[in-house]
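Residue numbers (the working numbering): 727 to 1078.
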């Protein structure tokens, strides 16, 4: 039964039901496209990635082909992985200045200008009850800092967790792409939610937050595919720039981000959920593509995320950190430029 439940959840998370065949915009400036609202779909509504000729994930049939084609990593995945987890000392992090702490999957605690920001918060031991954590959450829930800002990238269950949002309650400011206010009103009535479209900004307490495109999609039920927008975030404050990438395939947007907003002090990029490539490539980067995306954005440091927690794709959980280290070494990056922060570990911005 658990295997069947995981199968069904993966169908929701990883298999868009629609194939788009609209005109593609491969060579256009994405900000110009966003201003024209080209990524908005009038009929049947919702959003799409206008630079793609079609949704190359290809829908349910390709998903079924993946699930029934066998997994070359099946034997390795029988071994339960173990990762070092550092119990985060909240007091020390607060006292030591601007920093980024990896809390697991796409949940990162960013501290800038004495403010606490959290990305895609998932504090629970499982998502939708049956996808269990393989690395425990590194902070006791009762000792979490009081986050001023919560950033949401998209609506998939491993990025938008109902119980975690309910735990945070009304106090934080929630910044989301378009289409999330109704969901938040149901979970936390009275929550302060600011929705942004691609390239729009919101300034709050000395920090500017800019929603940028990502090559991804959204879904929480069989009936809401791409009804909510997805994206990535540029955080600009304290003379520092942080890019939170969440889920995305590699696309030309990274070059545009570098040209317009680079250099980036820290690029928080996902290094997991990438096998098999024929199925995942459009919407999930592998570590080699992560290194390329960081270079496109002129990133000084890569902070890898989305590894070692939830087992959702073919590769064993131990493979992303290995592939990431190998890709960084092949690109000539140093440990300072491409660290692998343990769960619960903290990276401090270099002094200026």
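Glycine included, each C-beta is placed from N, C-alpha and C at the ideal position.
All values reported here derive from a predicted model rather than from experimental measurement.
Residue 1023 and residue 983 look like a contact to me (Cβ under 8 Å); what is the Cβ gap, rounded to whole Å? As a working mapping, residue 1023 is identified with position 297 in the chain shown. As a working mapping, residue 983 is identified with position 257 in the chain shown. With a Cβ gap of about 5 Å, residue 1023 and residue 983 count as contacting.
Outcome for residue 1070 when other beta-carbon atoms lying within 10 angstroms are tallied against a minimum of 16: Position 344 of the chain shown holds residue 1070. It is buried - the Cβ of residue 1070 has at least 16 other Cβ atoms within 10 Å.
May I ask you to list the residues that DSSP assigns as paired with residue 822? Your numbering for residue 822 matches position 96 in the chain shown. Residue 822 is not bridged to any residue.
Alpha helix (DSSP H) runs wholly inside the region 765-799, at least 4 long, in chain order: 786-794
Report all residues from its chain with a CB closer than 8 Å to the CB of residue 761; omit the five preceding and five following residues, and keep chain order. What you label residue 761 is simply residue 35 of the chain shown in a count that begins at 1. Excluding positions up to five away in sequence, the list reads 925.
Going by other Cβ atoms of all chains shown within 10 Å of its Cβ, with 16 needed for buried, is residue 791 buried or exposed? For the purposes of this step, residue 791 is identified with residue 65 of the chain shown, where counting begins at 1. Counting Cβ neighbours within 10 Å, residue 791 comes out exposed, since fewer than 16 surround it.
C-alpha distance - residue 848 paired with residue 868, whole-angstrom precision: The residue labelled residue 848 in the question sits at position 122 within the chain shown. The residue labelled residue 868 in the question sits at position 142 within the chain shown. Rounded to the nearest whole angstrom, the CA to CA distance from residue 848 to residue 868 is 14 Å.
In terms of residue numbering, what span does the beta strand (DSSP E) encompassing residue 963 cover? Position 237 of the chain shown, counting from 1, holds the residue named residue 963. Element bounds for residue 963: 958-963.
Find the nearest neighbour of residue 917 within the set 942, 928 and 898, judged by alpha-carbon distance. Along the chain shown, read from residue 1 onward, the residue named residue 917 stands at position 191. Nearest C-alpha to residue 917: 898.
Given 8 Å as the limit, is there contact between the region 903-913 and the region 966-981, that is, 3 or more CB pairs closer than that? no
Taking the alpha-carbon of residue 1000 as reference, which of 980, 877 and 1031 has the nearest alpha-carbon? Residue mapping note: residue 1000 aligns to position 274 of the chain shown, counting from 1. It is 1031 whose Cα lies nearest to the Cα of residue 1000.
Would you call residue 834 buried or exposed, if buried means 16 or more other Cβ atoms sit within 10 Å of its Cβ? What you label residue 834 is simply residue 108 of the chain shown in a count that begins at 1. Residue burial is scored here from C-beta neighbours: residue 834 has at least 16 other C-beta atoms within 10 angstroms and is therefore classed as buried.
Going by alpha carbons, who is nearest to residue 854 out of 938, 758, 883 and 1036? Your numbering for residue 854 matches position 128 in the chain shown. Cα-wise, what sits closest to residue 854 is 883.
State whether the region 805-818 contacts the region 927-942, with contact taken as three or more CB pairs (one from each stretch) at a distance under 8 Å. Result no; under three Cβ-Cβ pairs closer than 8 Å.
Is there contact here, the region 873-888 with the region 940-956, by at least three beta-carbon pairs under 8 Å? Verdict: yes, contact present.
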